[in-house]
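These notes are about the structure you will find just below.
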Amino acid sequence: MGGSREVKALRKDGVEVDIELALSEAITNGIRVYTAIIQDISEKKKMEEKAKQDTEEMRAQEEELRQKHGGDGSYPGRDATPDEGERQAEKYYGADTGTSD
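So, in structure tokens, the structure goes:
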């Protein structure tokens with residue numbers, strides 16, 4: 004006994020929820036006492052899943068960019084002066100970068 008676990012529980016209204024269940028045991032004046040703490044962690048689980056999906060999406064986008072740019076981590080204008088970088092970006096992306104002198 005002791006510690007906590009994540010388990011599914013059924014609310015009174017019949018909805019299944021994720022909970023964290025912590026159980027403990029104590030003996031007081033020769034009487035064994037059990038304590039349970041129950042916490043609804045449904046929102047926490049949703050946020051964890053969202054973060055996982057966002058991370059996977061970002062990794063996919065990163066891989067797409069690597070392949071698009073030759074896989075070596077370089078990109079137009081990386082080591083260029085601001086003017087050179089702007090010209091390289093315009094050439095690479097085919098659009099005005101929106102900066103002008």
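Note that my numbering gives residue 40 to position 37 of the sequence shown, counting from 1, and the numbers run on in steps of one. C-beta atoms are modelled at their ideal positions from N, C-alpha and C, and glycine is treated no differently.
Item                                                           : Value
Alpha helix (DSSP H) segment containing D16, residue limits    : Here D16 belongs to no alpha helix (DSSP H), and DSSP marks it neither H nor E.
Residue of A12, N32 and L24 minimising C-alpha distance to A39 : L24
Residues sharing a beta bridge with Q42, DSSP                  : E23
Rounded separation between E71 and K49 - CA only               : The sequence given here has Lys at residue 71, not Glu. If I take the Cα positions, the gap works out to 33 Å.
G97 to L68 span [Cα, whole Å]                                  : 17 Å
Where G97 sits in the DSSP three-state scheme                  : coil
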